[in-house]
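Asks: Submitted below is the structure of interest, expressed as structure tokens.
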Amino acid sequence: MTVSINEISASPGFGHDLPAHTLRDMLRYMMLARALDERMWVLNRAGKAPFVISCQGHEAAQVGAAFALSRGKDFILPYYRGLAMVLVMGMTPTEVMLGLFARATDPSSGGRQMPAHYGCRRLKIVTQSSPVGTQIAHAAGIGLAEKIKGGDAVAWVSFGEGTTSQGDFHEALNLAAVHRLPVIFQCENNEYAISVHQRQQMAVASVADRGVAYGIPGISVDGTDVLAVYEVTRRAVERARRGDGPTLIEARVVRMTAHSSDDNDRTYRPPHEITLVRHQDPIVRFVAQLREHGILSEAEEQAMRAEVAAIVDQATEEAERAPMPEPETLYDHVYAPPRPRR
Amino acid sequence: MPEMNLLEAIRQGLDEMMAADSRVFIFGEDVGKRGGVFRVTEGLYDKYGPMRVIDSPLAESVIVGACIGAAMNDTLPVAEIQFADFIAPAFNQIVQEAARIHYRSNGDWEVPLVIRAPYGGGIHGALYHSQSVEAFFAHVPGLKVVTPSTPYDAKGLLKSAIEDPNPVLFLEHKKTYRLIKGFVPEEDYRVPIGPADIKRPGEDLSVFAYGLMLHYCLEAAQTLAAEGVSVEVIDLRTLRPLDTDTILASVRRTGKALIVHEDNLFGGFGGEVAALIAEHAFEYLDGPVMRIGGPDVPAMPFAHSLEAAFMPSPASIAVAMRRLAAY
Numbered sequence: 001m002t003v004s005i006n007e008i009s010a011s012p013g014f015g016h017d018l019p020a021h022t023l024r025d026m027l028r029y030m031m032l033a034r035a036l037d038e039r040m041w042v043l044n045r046a047g048k049a050p051f052v053i054s055c056q057g058h059e060a061a062q063v064g065a066a067f068a069l070s071r072g073k074d075f076i077l078p079y080y081r082g083l084a085m086v087l088v089m090g091m092t093p094t095e096v097m098l099g100l101f102a103r104a105t106d107p108s109s110g111g112r113q114m115p116a117h118y119g120c121r122r123l124k125i126v127t128q129s130s131p132v133g134t135q136i137a138h139a140a141g142i143g144l145a146e147k148i149k150g151g152d153a154v155a156w157v158s159f160g161e162g163t164t165s166q167g168d169f170h171e172a173l174n175l176a177a178v179h180r181l182p183v184i185f186q187c188e189n190n191e192y193a194i195s196v197h198q199r200q201q202m203a204v205a206s207v208a209d210r211g212v213a214y215g216i217p218g219i220s221v222d223g224t225d226v227l228a229v230y231e232v233t234r235r236a237v238e239r240a241r242r243g244d245g246p247t248l249i250e251a252r253v254v255r256m257t258a259h260s261s262d263d264n265d266r267t268y269r270p271p272h273e274i275t276l277v278r279h280q281d282p283i284v285r286f287v288a289q290l291r292e293h294g295i296l297s298e299a300e301e302q303a304m305r306a307e308v309a310a311i312v313d314q315a316t317e318e319a320e321r322a323p324m325p326e327p328e329t330l331y332d333h334v335y336a337p338p339r340p341r342r
Numbered sequence: 343m344p345e346m347n348l349l350e351a352i353r354q355g356l357d358e359m360m361a362a363d364s365r366v367f368i369f370g371e372d373v374g375k376r377g378g379v380f381r382v383t384e385g386l387y388d389k390y391g392p393m394r395v396i397d398s399p400l401a402e403s404v405i406v407g408a409c410i411g412a413a414m415n416d417t418l419p420v421a422e423i424q425f426a427d428f429i430a431p432a433f434n435q436i437v438q439e440a441a442r443i444h445y446r447s448n449g450d451w452e453v454p455l456v457i458r459a460p461y462g463g464g465i466h467g468a469l470y471h472s473q474s475v476e477a478f479f480a481h482v483p484g485l486k487v488v489t490p491s492t493p494y495d496a497k498g499l500l501k502s503a504i505e506d507p508n509p510v511l512f513l514e515h516k517k518t519y520r521l522i523k524g525f526v527p528e529e530d531y532r533v534p535i536g537p538a539d540i541k542r543p544g545e546d547l548s549v550f551a552y553g554l555m556l557h558y559c560l561e562a563a564q565t566l567a568a569e570g571v572s573v574e575v576i577d578l579r580t581l582r583p584l585d586t587d588t589i590l591a592s593v594r595r596t597g598k599a600l601i602v603h604e605d606n607l608f609g610g611f612g613g614e615v616a617a618l619i620a621e622h623a624f625e626y627l628d629g630p631v632m633r634i635g636g637p638d639v640p641a642m643p644f645a646h647s648l649e650a651a652f653m654p655s656p657a658s659i660a661v662a663m664r665r666l667a668a669y
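As structure tokens, this is what we get:
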């Protein structure tokens with residue numbers, strides 16, 4: 001049931017009938033994610049942020065998916081590269097920077113977790129950990145609860161291709177498939193799990209090939225094409241809300257940075273590949289598409305870049321000024337207090 | 343007040359909670375039509391249907407992992423791990439996820455999850471159907487570990503566990519399922535998670551136990567009473583949180599402490615209780631803090647002779663009691 005994106009893209013009309021302002025909004029989120037991410041690296045190299053893990057190269061895969069979801073209704077479980085996704089879902093740039101600086105008001109964890117472990121109950125962004133793949137099981141369970149309750153929210157979960165080697169990937173996809181749960185499994189395949197290439201992670205060419213083993217659609221899509229990801233996710237959401245079950249989407253993306261600020265990808269990645277990846281920038285691609293279709297003028301693009309840069313400046317300043325967690329809060333929230341009986 | 347065994351009390355607790363709150367559902371291997379391999383959930387599938395008593399795939403990690411997700415989506419899952427011996431694949435989900443989600447989200451998310459698991463031996467279950475796993479999990483802040491010993495406590499604690507906003511590992515000693523009977527009130531009640539219970543008051547020494555060993559200790563205490571030694575037997579009931587006040591108050595009164603569990607001794611839960619007493623009741627002690635536990639072998643063997651050699655017994659507990667009383 002692996003579907004090639006070439007079939008999906010056969011639908012007529014640029015932008016899948018999305019209005020121009022929505023298309024520009026998508027670009028704006030991609031630019032915002034990139035600008036925040038780049039600033040984090042600057043702050044890391046300046047000694048102000050101990051750790052950065054990047055979204056660069058994954059923006060289209062996340063923004064495309066996010067625009068097909070219902071904000072505040074659907075649950076999202078983004079792994080640590082999910083910056084663009086959480087921005088679209090409502091986390092503010094300042095909140096993201098509060099997490100980078102581990103400030104008390106960081107909405108994800110109050111400065112308890114490493115940066116990029118996003119979470120916010122109000123926004124239905126489910127808290128994440130570092131052992132990879134555990135969140136895939138949680139997504140299946142959210143879908144199970146939704147089915148029990150008779151609701152129509154979906155759970156969208158992301159992970160890298162390396163994580164598909166984990167048992168939780170298999171267990172969760174199998175469970176979701178058996179019970180036709182409303183879950184969208186998005187593998188953001190950037191070909192590297194830290195230093196290990198996809199070839200040493202799996203013997204199949206595409207993660208989407210695995211869908212057939214669970215009896216669910218497996219779709220491989222160019223994850224640097226925001227509109228293609230939007231379209232496959234939109235169809236997966238429809239399928240999930242109809243009660244027809246989960247979809248496995250492989251978004252083929254590029255990792256434009258090292259794994260993290262503590263990694264050096266020049267030790268395992270050939271130089272020509274690092275150069276090549278620079279030429280697969282999803283933002284450059286989308287700007288060109290919008291320009292070609294007369295949806296974005298050069299002046300508009302420049303204005304957008306300036307706006308995003310100002311937002312990042314402001315977010316950085318606000319977050320840096322925010323207080324650190326008080327040491328005595330170390331003991332807070334070990335156990336949740338009892339709740340009144342319903 | 344009807345008399346029932348521990349297994350029936352748990353089933354009744356599940357039934358009443360499911361009837362009272364549509365958010366409660368059961369998820370585990372063979373829990374549906376079969377009613378569980380021990381028949382704990384018998385009849386619930388027929389009563390509540392396949393959407394609330396759900397047969398899971400044979401995959402422990404996702405049994406717990408999916409229940410964590412479900413708990414975060416406004417339901418109250420009761421996961422069943424068929425045997426505690428099979429809980430290891432779910433260790434990551436229980437320890438790294440369920441127990442840490444509230445803390446790591448700075449109090450934003452909660453995981454109201456109960457994980458039921460039959461544990462313990464003496465039923466010819468061999469290495470992989472006899473294990474005691476409480477020490478692995480009692481170590482973990484953020485997780486509650488409950489070990490009922492009587493039908494009354496089991497039902498009352500189970501209801502408290504289902505209502506608790508935290509993940510609770512609910513360990514049921516499988517030999518007590520049908521062996522231990524007791525009176526259970528018809529009216530709705532709770533036993534709070536936390537407090538220990540003095541099952542037999544005494545003056546000369548304090549004995550701390552839970553699960554099947556609690557009953558063996560009561561039997562041994564009866565023997566010692568005939569010999570003129572008054573033994574206080576305290577059912578810990580909850581290993582985490584631990585009722586340190588009741589433990590220390592008892593030891594300060596009797597001056598002697600014995601901890602008994604079936605799990606092997608090294609790194610076992612008894613070490614924690616012993617350390618607590620040594621640190622906070624040292625001046626009151628009239629003898630060494632003693633422990634009885636299973637031997638430090640990997641797990642309980644199948645052959646009757648070997649199994650019997652593994653299990654602490656009322657007789658071996660009585661021997662330790664006499665030794666301690668003699669100080």
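One line per chain: the protein sequences are C and U, in this order.
With this note's numbering, the residue at position 219 of the first sequence is 219, and numbering never jumps.
With this note's numbering, the residue at position 290 of the second sequence is 632, and numbering never jumps.
C-beta atoms are modelled at their ideal positions from N, C-alpha and C, and glycine is treated no differently.
1) Measuring only the C-alpha atoms, how far is serine 11/C from proline 217/C?
2) With 8 angstroms as the threshold, decide whether the Cβ of aspartate 17/C is near any Cβ in chain U.
3) Does the region 218-227 of chain C come close enough to the region 52-71 of chain C to have 3 or more Cβ pairs within less than 8 angstroms?
4) Could you check whether glycine 536/U and proline 507/U sit closer than 8 angstroms to each other, using their CB atoms as the reference points?
5) Between the beta-carbon of threonine 372/C and the beta-carbon of glutamate 439/U, is there less than 8 angstroms?
6) In angstroms, rounded to a whole number, what distance separates the CA positions of valine 631/U and leucine 560/U?
7) Would you call the region 459-477 of chain U and the region 600-620 of chain U touching, i.e. three or more CB-CB distances under 8 angstroms?
8) Using a Cβ-Cβ cutoff of less than 7 angstroms, which residues in the same chain neighbour alanine 208/C once the five nearest sequence positions on both sides are dropped?
9) Going by alpha carbons, who is nearest to histidine 466/U out of Ser655/U, Glu649/U, Val661/U, Ser658/U?
10) By the criterion of Cβ-Cβ separation under 7 angstroms, what are the contact partners of isoleucine 443/U in chain C?
11) Give the single residue among Gln435/U, Tyr552/U, His471/U, Ala591/U whose Cα lies nearest to the Cα of alanine 496/U.
12) How is glutamate 161/C classed by DSSP in three states: helix, strand or coil?
13) In chain order, what residues of the region 394-414 of chain U put their CB closer than 9 angstroms to some CB of chain C?
14) Can you list, in chain order, the residues of its chain with a C-beta nearer than 7 angstroms to that of proline 637/U? Leave out the 5 residues immediately preceding and following it.
15) Confirm, please, whether the CB-CB distance from leucine 348/U to threonine 565/U is below 8 angstroms.
16) Helix, strand or coil: which one does DSSP assign to proline 327/C?
17) State the Cα-Cα distance for the pair valine 382/U and tyrosine 335/C, rounded to the nearest angstrom.
18) Starting from valine 334/C, find everything on chain U with Cβ-Cβ shorter than 7 angstroms and list it in chain order.
19) Going by Cα to Cα distance, which pick from Gly411/U, Phe512/U, Gln473/U is closest to leucine 77/C?
20) Examine chain U for any beta-carbon lying closer than 8 angstroms to the beta-carbon of glutamine 113/C, and answer yes or no.
21) Determine, using beta carbons only, whether alanine 408/U and leucine 175/C come nearer to each other than 8 angstroms.
22) List the endpoints of the continuous beta strand (DSSP E) containing aspartate 265/C.
23) Going by beta carbon distance, what residues of the same chain come within less than 8 angstroms of valine 312/C, once the five residues before and after it are set aside?
24) Taking 7 angstroms as the cut-off, does the CB of aspartate 37/C come closer than this to any heavy atom belonging to the ligand MG?
25) Give me the chain U residues within the contact set of valine 178/C, using Cβ-Cβ distance strictly less than 7 angstroms, ordered along the chain.
26) Give every residue of the same chain whose Cβ lies closer than 6 angstroms to the Cβ of tyrosine 470/U, excluding the five residues on either side of it in the sequence, and list them in chain order.
27) Going by DSSP, what residue range makes up the beta strand (DSSP E) through phenylalanine 101/C?
28) Starting from isoleucine 606/U, follow the beta strand (DSSP E) in both directions and report where the run begins and ends.
29) Tell me the start and end of each unbroken alpha helix (DSSP H) in the region 421-505 of chain U that is at least 4 residues and wholly inside, in chain order.
Replies: This is what the structure holds:
1) In this predicted model, serine 11/C has a pLDDT of only 45, less than 50, meaning its place in the structure is not dependable enough to derive any value.
2) no
3) yes
4) no
5) Nothing can be reported for residue 372/C, as the shown portion of chain C is limited to 1 through 342.
6) 19 angstroms
7) yes
8) Thr2, Gly218, Ile219, Ser220, Leu248, Glu250
9) Glu649/U
10) Thr127
11) Tyr552/U
12) coil
13) Arg394, Ile396, Ser398, Pro399, Ala401, Glu402, Ser403, Val404, Ile405, Val406, Gly407, Ala408, Cys409, Ile410, Gly411, Ala412, Ala413, Met414
14) Asn606, Phe652
15) no
16) helix
17) 29 angstroms
18) Tyr445, Pro483, Gly484
19) Gly411/U
20) yes
21) yes
22) First-last for aspartate 265/C: undefined, no H or E at that position.
23) Leu32, Ala35, Leu36, Arg39, Pro93
24) You won't find the ligand MG in this model; it holds no ligand whatsoever.
25) Pro399
26) Asp427
27) Premise fails: phenylalanine 101/C is in no beta strand (DSSP E) and is neither H nor E.
28) Here residue 606/U turns out to be asparagine, not isoleucine, going by the sequence shown. It spans 599-606 - the beta strand (DSSP E) in which asparagine 606/U sits, taken as one unbroken run.
29) 443-446, 476-480, 493-505
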